[in-house]
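J.: If you count by my numbering, then the sequence shown holds residues 111 to 240, one letter each, in order.
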Amino acid sequence: MKNTERYKKIKRTSLKSNISDVETHIPTPTKDDYGMGFVKRYFIQLVNDKNSIIYEVNDRVYLNHEHKSFYARTSLKWRISGNLDESYDMNGNLINKSVKESNRIAISLASKEIPNLKLYLPNLLQFYKS
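1) Could you spell out the range, first to last residue, of the alpha helix (DSSP H) harbouring L219?
2) Could you check how far apart the C-beta atoms of I215 and L227 are, in whole angstroms? I think they sit under 8 Å.
3) May I ask you to list the residues that DSSP assigns as paired with R189?
4) Is D159 near the ligand GTP, going by C-beta to nearest heavy atom under 7 Å?
5) Could you compute how far the alpha carbon of N168 sits from the alpha carbon of I136?
6) Mind checking L194: buried by the 16 CB within 10 Å criterion, or exposed?
7) Taking Cβ to Cβ, would you say Y165 is nearer than 8 Å to V209?
8) Since G192 and G145 are thought to touch, with beta carbons under 8 Å apart, how far apart are those beta carbons, to the nearest angstrom?
9) Helix, strand or coil for L204 per DSSP?
10) When we look at the beta-carbon of S212 and count the other beta-carbons within 10 Å, is it buried (16 or more) or exposed?
11) On the CB-based measure, 16 or more other CB atoms within 10 Å of its CB, does H177 come out buried or exposed?
12) Grouping DSSP H, G and I as helix and E and B as strand, with all else coil, what is L173?
13) So what does DSSP say about Y165, is it helix, strand or coil?
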């Protein structure tokens with residue numbers, strides 16, 4: 111078998127087996143999470159294809175993929191309670207960002223690792239309760 115054929119076979123096999131072992135997870139915020147105002151969210155994606163599926167995973171799966179070099183990983187704090195409008199003091203200085211703005215910033219920071227994350231998280235008020 112030629113080296114290129116062998117490489118293609120190994121590549122196909124290893125990618126298929128690794129993609130299928132990803133267990134996805136959508137968080138279910140608890141009363142304590144709402145009290146803290148946020149949940150921690152974890153994401154992984156194949157590193158060699160920026161248009162591949164973004165998987166939301168739990169912390170265990172996220173940590174298990176730490177040394178798997180073919181996955182990009184990122185996490186973020188997702189605000190789930192707080193003000194819907196920004197707050198300013200009497201001098202016009204920002205005191206508190208809105209939930210939407212906080213989540214937008216969190217996505218922007220996490221997008222350094224997974225560029226298309228904003229496409230996975232279009233609803234900036236997901237899980238929000240006042």
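Ideal placement from N, C-alpha and C gives every residue a C-beta, glycine not left out.
Here the structure is a predicted model, which is why all the values come from computation and not from measurement.
T.: Per the coordinate set shown:
1) Residue 219 sits at position 109 when you count from the first residue of the sequence shown. Taken as a continuous stretch (DSSP letters only), the alpha helix (DSSP H) holding L219 covers V209 to A220.
2) In the sequence shown, residue 215 corresponds to position 105, counting from 1. In the sequence shown, residue 227 corresponds to position 117, counting from 1. That pair is no contact at about 12 Å.
3) In the sequence shown, residue 189 corresponds to position 79, counting from 1. For R189, DSSP records a beta bridge to F148.
4) No copy of the ligand GTP appears in this structure; indeed no ligand is present at all.
5) Within the sequence shown, the letter at position 58 stands for residue 168. Within the sequence shown, the letter at position 26 stands for residue 136. Going by the C-alpha atoms only, they are around 8 Å apart.
6) Stepping through the sequence shown from its first residue, residue 194 is reached at position 84. Classification of L194: exposed, given that the 10 Å Cβ count is below 16.
7) Indexing the sequence shown from 1 puts residue 165 at position 55. Indexing the sequence shown from 1 puts residue 209 at position 99. Annotated as distal: Y165 and V209, with beta-carbon spacing of 8 Å or more.
8) Residue numbering aside, residue 192 sits at position 82 when the sequence shown is read from its first letter. Residue numbering aside, residue 145 sits at position 35 when the sequence shown is read from its first letter. Cβ-Cβ separation between G192 and G145: approximately 12 Å, too far for a contact (criterion under 8 Å).
9) Against the sequence shown, residue 204 aligns to sequence position 94. In the structure shown, the three-state DSSP call for L204 is strand.
10) In the sequence shown, the residue the question calls residue 212 occupies position 102. Looking at its Cβ environment, which holds 16 or more other Cβ atoms inside 10 Å, S212 is buried.
11) Stepping through the sequence shown from its first residue, residue 177 is reached at position 67. The residue is exposed, with fewer than 16 neighbouring Cβ atoms inside 10 Å.
12) Working through the sequence shown from its first residue, we reach residue 173 at position 63. L173 sits in a helix when the DSSP states are folded into three classes.
13) The sequence position of residue 165 within the sequence shown is 55, counting from 1. Correct three-state label for Y165: strand.
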